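Just below is one structure, and these are the notes that go with it.
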Amino acid sequence: MTENNSQIRIFDTTMRDGEQSPGASMTLNEKLELAELLESMGVDIIEAGFPAASIGDFECVSTIASRASKIVVCGLARAVPRDIERAGEAVAKAERPRIHTFISTSPVHMKHKLKMGENAVLEAVGRSVSQARGYVDDVEWSAEDATRTDFDFLCRCADLAIASGATTINIPDTVGYSHPEEYRDLFERLIKNVSNSDKAIWSTHCHNDLGLAVANSIAGVAGGARQVECTINGLGERAGNAALEEIVMAMRVRKDAFAYQTGIDATKLSRASKRVSQITGFPVQYNKAIVGKNAFAHESGIHQDGMLKNNQTYEIMNPEDVGVSATSLVLGKLSGRNAFRDKLENLGYELDADALNDAFKRFKDLADKKKDVFDEDIIALVDDQLSGA
Ligand code: KIV
Ligand code: ZN
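Right, here's the structure in full:
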């Protein structure tokens, strides 16, 4: 992990918050494989699970901890002694162990979920962070539902967490409620008002209930956060978490406008996305940014024509940059003559102008009746035409 202040630490929680998505559970072997892939991609911190939740989760965290070399391995713990003890034991064998402890700080959570008042929550913050520091030097503290928390109380909690030894302060938008300007402003105000705020790394953790998780994470970085918590494919509770691949590419593609970068090898993004989808059985939506099947596919005639002239007309990044082999010009009823001619040439056909017109007309008739026109359809269509059928 770099100490460079313009480098953003990527904290991947696919195996913890991602796995909390109903139906997305992973086996030990799947998690081990994923941990290796994430480490090879350049992820800085991996949240491998919630050790107190089950024996299986404990085993996953401790096995990943014992195998990881340069990546920080983190286990989650509520602010209860037994959770912290289990997390401490689970990460003990890691070269770079971290305990991530959290407690809710918003009025609605404190009243209905915790049934605790502000003083009791403050006491738990100090106690849990101090206990965690008894196991590891690297302790992250999170204020669950931070974005619906009273600002002064949030400052007091973060203040105490830092004074008790937390080295990362995470400000989760637990229910995806925040808007970008608001989230950015929250970091700016926290960093300004919390004592010794420069002693900790500030972190974003955004959920996607309003579809704003990535935008909010980037806004948080603009407000001073230097760690971003995210998951592959945006996997996570309800509408999911901020998608790692989108954050990485939003920063990279717009480096003209954004001073911060991650250390992620983006050419592995497509592979990571496919593997997480296979493991969890959660399909990636076709039009998903960066890793969706259609992210580099063009069907309309106008776009295909533009792409054939210069790929910057309709693509802001190269497919190879994210590990996709090539742009695809999909032939369908909206495709134009240029794309059709290009396809024929790629398939090895050279037709004169009349034959091309004829083939194009036949192709359009077929495309009106058939949703997907495959290479085999075009080969059959042209072969029939050339043989006079
Ligand atoms: O969304 C959330 O608040 C969390 C915490 C446990 C960090 O996942
Ligand atoms: Zn979360």
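Every letter in the sequence shown is one number past the one before it in my numbering, and letter 235, counting from 1, is 430.
Using N, Cα and C, we set each Cβ at its ideal position, and we do this for glycine too.
Predicted model, so just to flag it, every value in this text is computed and none were measured.
Simplified DSSP state of residue i, which is helix, strand or coil
i	result
residue 433	coil
residue 480	coil
residue 273	strand
residue 304	helix
residue 291	coil
residue 498	helix
residue 382	helix
residue 460	coil
residue 197	Residue placement at residue 197 cannot be trusted, given a pLDDT of 39 that sits under 50; what the coordinates show is reported in the next sentence. Correct three-state label for residue 197: coil.
residue 507	helix
residue 398	strand
residue 215	coil
residue 471	helix
residue 582	coil
residue 220	coil
residue 246	coil
residue 356	helix
residue 546	coil
residue 260	helix
residue 241	strand
residue 523	strand
residue 390	coil
residue 367	strand
residue 325	helix
residue 205	strand
residue 442	helix
Nearest candidate by alpha-carbon position, reference residue i, set the options
i	options	result
residue 305	317, 547, 229	317
residue 439	409, 417, 452, 418	409
residue 453	459, 461, 444, 460	444
residue 319	245, 298, 247, 393	298
residue 200	441, 521, 421	421
residue 202	447, 561, 471	447
residue 405	373, 544, 399	373
residue 295	385, 268, 254	268
residue 386	365, 509, 275	365
residue 377	407, 481, 353, 390	407
residue 537	522, 559, 556, 503	503
residue 542	466, 577, 288, 254	577
residue 403	397, 545, 375	375
residue 254	342, 227, 351, 370	227
residue 371	245, 343, 350	343
residue 505	522, 574, 451, 273	522
residue 245	553, 437, 274, 565	274
residue 292	351, 482, 259	259
residue 321	345, 351, 310	351
Rounded separation between residue i and residue j - CA only
i	j	result
residue 242	residue 210	6 Å
residue 548	residue 581	14 Å
residue 290	residue 283	13 Å
residue 486	residue 507	18 Å
residue 196	residue 234	Confidence at residue 196 is low in this model, with a pLDDT of 40, below 50, so its placement is unreliable and no value can be given for it.
residue 459	residue 469	17 Å
residue 412	residue 419	11 Å
residue 417	residue 264	31 Å
residue 285	residue 270	7 Å
residue 462	residue 347	43 Å
residue 312	residue 303	11 Å
residue 510	residue 457	22 Å
residue 213	residue 359	29 Å
residue 635	residue 579	The requested residue 635 is not part of the displayed model; the chain covers only 196 to 584.
residue 247	residue 323	14 Å
residue 392	residue 399	15 Å
residue 551	residue 583	14 Å
residue 383	residue 497	45 Å
residue 217	residue 477	10 Å
residue 557	residue 423	52 Å
residue 512	residue 449	10 Å
residue 546	residue 480	38 Å
Rounded distance between the beta-carbons of residue j and residue i, thought under 8 Å
i	j	result
residue 534	residue 500	7 Å
residue 238	residue 207	5 Å
residue 368	residue 401	5 Å
residue 361	residue 336	4 Å
residue 300	residue 340	7 Å
residue 441	residue 395	26 Å between Cβ atoms; not a contact.
residue 474	residue 229	7 Å
residue 204	residue 250	That belief does not hold up - the Cβ atoms of residue 204 and residue 250 are roughly 30 Å apart, past 8 Å.
residue 354	residue 325	The pair is not a contact, with the Cβ atoms about 14 Å apart (cut-off 8 Å).
residue 465	residue 519	5 Å
residue 215	residue 435	No, residue 215 and residue 435 are not in contact; Cβ-Cβ is about 10 Å, not under 8 Å.
residue 236	residue 467	6 Å
residue 356	residue 349	Residue 356 to residue 349, Cβ: 10 Å. No contact.
Contact with chain D by residue i, beta-carbon distance below 9 Å
i	result
residue 533	Protein chain content of the structure displayed is limited to a single chain, and chain D is not contained in it.
Are at least three pairs of beta-carbons, each pair with one atom in the region 485-499 and one in the region 529-544, less than 8 Å apart?
yes
Within 8 Å, do at least three Cβ pairs link the region 324-339 to the region 274-281?
yes
Taking one C-beta from the region 422-436 and one from the region 209-225 each time, how about it: are there three or more such pairs within less than 8 Å?
yes
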